[in-house]
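Trainee: Numbering (the UniProt record's numbering), first residue to last: 1 to 183.
The beta carbon of each residue, even a glycine, is placed where N, CA and C say it ideally should be.
Provided herewith is a single structure, encoded as structure tokens, for subsequent inquiry.
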């Protein structure tokens with residue numbers, strides 16, 4: 001139904017942030033010729049698959065004081081990939097302490113978070129945070145994401161892309177590329 005995509009650095013490839021708290025990583029979009037802003041505007045899933053999109057969205061959410069939502073979503077995506085039980089227990093506890101406990105430093109607002117503390121002590125499984133992750137995804141999709149697409153940050157990035165596309169250097173490179181591939 002939702003977003004079975006992953007925005008972790010391993011899946012995103014070179015240039016992606018190595019850690020969900022590292023916003024220095026950047027990468028150009030390679031979605032078959034679509035400009036990154038067009039790709040981001042097509043769906044939240046596409047935005048979360050693009051390292052630069054994640055970085056820009058985080059920047060926007062930081063200004064709105066809700067960056068914890070995307071950080072939680074990314075942490076859950078990373079958690080789902082773990083196979084080692086000990087690593088799963090450690091990551092589950094980290095996610096709980098960072099995002100879900102009453103004393104969490106970056107608490108997300110989701111229903112059912114109090115029931116999770118017992119589950120963490122039991123057998124963790126890759127989808128134990130799925131319902132909470134879905135709540136946060138929907139919150140971002142229907143709230144923050146639509147505002148992001150109207151934000152100065154997004155519109156400025158879109159204008160920059162359009163200006164680069166219209167520049168003489170870009171046009172020359174595009175003509176050169178079309179000649180190479182059409183011969």
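(1) Taking 9 Å as the threshold (C-beta atoms), are residue 76 and residue 132 in contact?
(2) Skipping 5 residues on each side, what residues in its chain have a beta carbon closer than 6 Å to that of residue 85?
(3) Compare the C-alpha of residue 216 against each of 91, 130, 162 and name the closest.
(4) For residue 88 and residue 123, I'd like the C-alpha separation in whole angstroms.
(5) For residue 106, which residues from the same chain have a beta carbon less than 8 Å from its beta carbon, with the 5 sequence-adjacent residues on both sides left out?
(6) Since residue 161 and residue 35 are thought to touch, with beta carbons under 8 Å apart, how far apart are those beta carbons, to the nearest angstrom?
(7) Who are the near neighbours of residue 153 in its chain, counting only those whose CB is closer than 7 Å to its CB and skipping five residues on each side?
(8) Which whole-angstrom value is the C-beta distance of residue 93 and residue 82, which I expect to be below 8 Å?
(9) Output the distance between the C-alpha atoms of residue 144 and residue 62, rounded to the nearest integer angstrom.
(10) Smallest Cα separation from residue 78: which of 65, 125, 41, 102?
Mentor: Taking the definition as stated:
(1) Against the chain shown, residue 132 aligns to sequence position 132. Against the chain shown, residue 76 aligns to sequence position 76. Yes, the pair counts as a contact, with Cβ atoms nearer than the cut-off.
(2) Walking along the chain shown from the start, residue 85 turns up at place 85. So no residue of the chain qualifies.
(3) Any question about residue 216 goes unanswered here, given that the chain covers just 1 to 183.
(4) Counted from its first residue, the chain shown places residue 88 at position 88. Counted from its first residue, the chain shown places residue 123 at position 123. In a straight line, the C-alpha of residue 88 is about 9 Å away from that of residue 123.
(5) Residue numbering aside, residue 106 sits at position 106 when the chain shown is read from its first letter. Cβ within range, chain order: 67, 68, 71, 72, 98, 99.
(6) The residue you call residue 161 lines up with position 161 of the chain shown. The residue you call residue 35 lines up with position 35 of the chain shown. Rounded, the Cβ-Cβ distance is 5 Å, consistent with contact.
(7) In the chain shown, residue 153 corresponds to position 153, counting from 1. The answer, listed in chain order, is 56, 59, 60.
(8) By 1-based counting over the chain shown, the position of residue 93 is 93. By 1-based counting over the chain shown, the position of residue 82 is 82. With 8 Å as the limit, residue 93 and residue 82 do not qualify as a contact, their Cβ atoms being about 12 Å apart.
(9) Residue 144 sits at position 144 when you count from the first residue of the chain shown. Residue 62 sits at position 62 when you count from the first residue of the chain shown. For residue 144 and residue 62, the distance between alpha carbons rounds to 11 Å.
(10) In the chain shown, the residue the question calls residue 78 occupies position 78. Ranking the options by Cα distance to residue 78, first place goes to 125.
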